[in-house]
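Worksheet for the structure shown next.
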Amino acid sequence: MIIKNNYILIVIIFFGFIILQTKCIDCSKAPSLSLMLVCWKVKKWDKESRKISEPSSNNILLSSIFDEPSPIFAPLVASINKTANQCMDIICVCSFFNGKIIKNKNDCILPNKKKLSKSIRKELRMLTKKERERYHRGIKKLKESGEYTNFATIHSKISLSGSSHAGPAFLPWHREFLKRFEIALKKIDPSLSIPYWDSTLESSLPTPEDSIIFSDIFFGTTDDEGNVVTGPFKNFTTISGNPYISRDIGRIGSVFKDSEIDILMNKTSINEMLVFPAARNNCSVKVDFNGLEFIHGNIHNFIGGDMFLTATSGNDPIFYHHHSFVDLIWEMWRKHNQNKEEREKVYPNDMSDCFSELHFGTNLMKPFEEWRNIDGLKNEYTDNMYEYAPRPTCSLSNPSCKSEFLFCYISNNVGKCTAKIKINGNCKGFEEVKEACYKGICINGTCTSKNHNKKTSQTQLPALNNDTLIV
């Protein structure tokens with residue numbers, strides 16, 4: 002059973018990482034079991050990356066001046082792009098897609114006569130049915146081609162030996178990783194983008210795992226062993242050869258909360274936002290369990306199964322939707338706290354007491370070695386390659402979330418778009434909210450099919466006897 006295995010993992014992690022308590026942050030001070038587990042994982046990643054964090058010979062390491070931005074340096078990005086993955090604008094991608102560039106309009110027309118455009122990443126529930134089906138077809142084709150597995154393998158191998166976790170390059174690294182995944186999707190269908198999963202939409206539900214997002218329409222459902230057996234991602238084999246993706250939704254961890262995002266938006270320095278979750282005792286920056294890398298780990302734990310471990314998280318397509326939202330939060334912070342120049346030039350200084358040298362700004366972003374870590378801050382990502390559609394919102398005066406999968410939950414005269422609950426799901430507290438259940442109604446704290454309700458509520462004719470029979 003996957004549930005049993007998760008408890009075994011907890012015990013293994015506890016005894017495996019307790020020996021690290023002397024030099025690093027005390028994980029036992031984490032405010033929850035889930036964050037304690039994230040902390041232990043982070044320390045494991047940091048320990049492994051420090052074993053191999055020898056500076057490249059072609060890197061110029063910068064002196065460390067606390068709380069001062071690193072000096073500007075010349076990036077090592079190749080001047081001639083050899084693959085579409087190196088592109089930082091749609092016109093560059095066009096040449097690798099055999100498109101025709103209309104120079105006076107700066108447009109790209111593909112061989113099928115359609116225009117190749119900048120990606121618009123929407124919240125999953127805001128996709129039209131046609132958009133959602135096209136996206137699912139694209140993911141399936143990417144899986145069939147073997148390219149999806151290649152991405153999962155990259156994330157698995159780099160998790161303990163690169164700058165993808167446990168330091169300030171966490172967000173830049175995943176931004177580049179998602180960009181390359183999105184380009185791979187566009188090779189299959191140029192209209193595709195990576196939708197984001199705003200899991201705050203589940204945060205008001207009594208049982209977030211009963212959200213419609215965990216149904217055949219979106220992420221699919223699991224059997225008693227935690228295997229994903231329905232939905233668009235059923236029968237997805239994993240990089241280790243398992244015939245199904247595994248999940249253990251809701252056992253530990255949590256979805257994102259609006260209050261957590263508010264805390265992040267109020268952080269003003271790059272050190273606070275990019276955070277140093279594996280800082281040693283001598284690090285001059287205090288570890289903050291409210292940092293984005295810590296909080297994002299809660300959602301990995303909440304999904305469980307393959308998502309629980311970094312080495313297997315890329316097996317599950319939820320990974321890309323979750324990290325697309327993490328990237329959106331980061332971009333929200335950048336626009337809220339930095340001007341355009343600061344966004345791509347301000348990176349934490351080189352502080353080996355705070356993070357491994359693999360995270361230093363001028364070091365190569367392995368395995369994307371035409372990039373340095375600081376290149377992941379470039380404005381060109383969201384200027385040229387993709388942008389985010391607004392998050393779903395509603396209000397007392399405008400109570401529509403513009404999606405059949407969301408309803409506007411009004412509390413204290415404040416509206417919040419909230420995920421609808423699937424049939425048989427827990428709807429306690431929403432009995433008076435007509436739209437809380439997807440194609441159902443909340444009765445005695447459980448979402449019940451409207452059709453079932455009609456059948457049981459039909460008027461029963463009285464039994465006839467000889468006294469009432471009229472001929």
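Heads up: the sequence shown begins at 2 in this note's numbering, then just goes up one per residue.
Beta carbons are placed, not taken as given, at the ideal position from N, Cα and C, and that holds for glycine.
Exercise. How big is the Cα-Cα spacing for N377 and G430?
Worked result: Per the sequence shown, the amino acid found at residue 377 is Gly instead of Asn. Cα-Cα distance, rounded: 44 Å.
Exercise. What does a CB cutoff of less than 8 Å around P400 pick up in its chain, not counting 5 residues either side in sequence?
Worked result: C409, I411, G416
Exercise. If you compare alpha carbons, which of I102, K123, T129 is closest to K116?
Worked result: I102
Exercise. Is H301 near G168, with beta carbons less than 9 Å apart?
Worked result: no
Exercise. Three or more C-beta pairs closer than 8 Å, one from the region 328 to 347 and one from the region 27 to 43: is that the case here?
Worked result: Three or more Cβ pairs closer than 8 Å define a contact, and the region 328 to 347 falls short of that threshold against the region 27 to 43.
Problem set entry | Whether I296 touches L265 by CB criterion (9 Å) | yes
Problem set entry | Endpoints, beta strand (DSSP E) assigned at Y1 | This structure leaves residue 1 out entirely; the chain is present only between 2 and 472.
Exercise. If we count the other Cβ atoms within 10 Å of its Cβ and call it buried at 16 or more, is N452 buried or exposed?
Worked result: exposed
Exercise. When burial is assigned at 16 or more other CB atoms within 10 Å of the CB, is P391 buried or exposed?
Worked result: exposed
Exercise. Assuming E345 and K379 make a contact with CB atoms under 8 Å, what is their CB distance in whole Å?
Worked result: Correct: roughly 5 Å between the Cβ atoms.
Exercise. If you drop the 5 nearest sequence neighbours on each side, which residues of the same chain put their C-beta closer than 6 Å to that of P70?
Worked result: For P70, the predicted model reports a pLDDT of 45, less than 50, meaning its position is unreliable; a value from the coordinates is still stated below. Answer for P70: V347, listed in chain order.
For this session: Quick one: using the 10 Å Cβ neighbour count with 16 as the cut-off for buried, is L36 buried or exposed?
Result: buried
Exercise. Hey, how far is the Cα of K423 from the Cα of P393?
Worked result: 19 Å
Problem set entry | Length of the line joining the Cα atoms of V525 and M127 | With the chain running from 2 to 472 in the structure shown, residue 525 is simply not present.
Problem set entry | Residue of C109, S450, G221 minimising C-alpha distance to N385 | C109
Exercise. Comparing alpha-carbon positions, which option in Y387, H175, E226, I53 lies nearest D90?
Worked result: Y387
For this session: Round the Cβ separation of F186 and G139 to the nearest angstrom and send it over; I've been treating them as touching at under 8 Å.
Result: For clarity, residue 186 is Leu in the given sequence; the question names Phe instead. Contact holds; Cβ gap of about 5 Å.
Problem set entry | Span separating the alpha-carbon of L38 from that of S398 | 42 Å
For this session: Whole angstroms is fine: what's the gap from Y149's alpha carbon to S241's?
Result: 14 Å
Exercise. If you draw a straight line from the alpha carbon of Y245 to that of T269, how long is it in whole angstroms?
Worked result: 43 Å
For this session: Under 8 Å by Cβ, that's how I've got C355 and F277 pegged, so tell me the actual separation to the nearest angstrom.
Result: 4 Å
Exercise. Roughly how many angstroms lie between the CA atoms of S160 and E177, to the nearest whole one?
Worked result: 15 Å
Problem set entry | Nearest-angstrom Cα separation, counted from T447 out to F152 | Using only the alpha carbons, I get a separation of about 40 Å.
Problem set entry | Whole-angstrom C-beta distance between H324 and H175, which should lie under 8 Å | 5 Å
Problem set entry | Minimum Cβ-Cβ distance from N350 to chain B less than 9 Å | Absent from the structure is chain B; it holds one protein chain and no more.
Exercise. Looking at the structure shown, is V43 part of a helix, part of a strand, or coil, going by DSSP?
Worked result: helix
Exercise. Is E124 helix, strand or coil by DSSP?
Worked result: strand
For this session: Within its chain, find whatever has a CB closer than 6 Å to the CB of A170; leave out the 5 residues flanking it on each side and keep chain order.
Result: S164, H360, N374
For this session: Counting only runs of 4+ residues fully inside the region 154 to 202, write out the alpha helix (DSSP H) ranges in chain order.
Result: 171 to 189
For this session: Using three-state DSSP, classify G305 as helix, strand or coil.
Result: coil
Problem set entry | Straight-line gap, V94 to Y197 (C-alpha atoms, nearest Å) | Taking the straight line joining both Cα atoms gives about 22 Å.
For this session: Assign H337 to one of two classes, buried (16 or more other C-beta atoms within 10 Å of its C-beta) or exposed (fewer than that).
Result: exposed
Problem set entry | Residue range of the beta strand (DSSP E) that includes G227 | Per DSSP, G227 belongs to no beta strand (DSSP E) and is neither H nor E.
Problem set entry | Beta-ladder partner(s) of G441, from DSSP | S450
Problem set entry | Whole-Å CB distance - T239 paired with G232, under 8 Å assumed | Not a contact, Cβ separation roughly 16 Å.
For this session: Return the CA-CA distance between S120 and L193, expressed in angstroms with no decimal places.
Result: 7 Å
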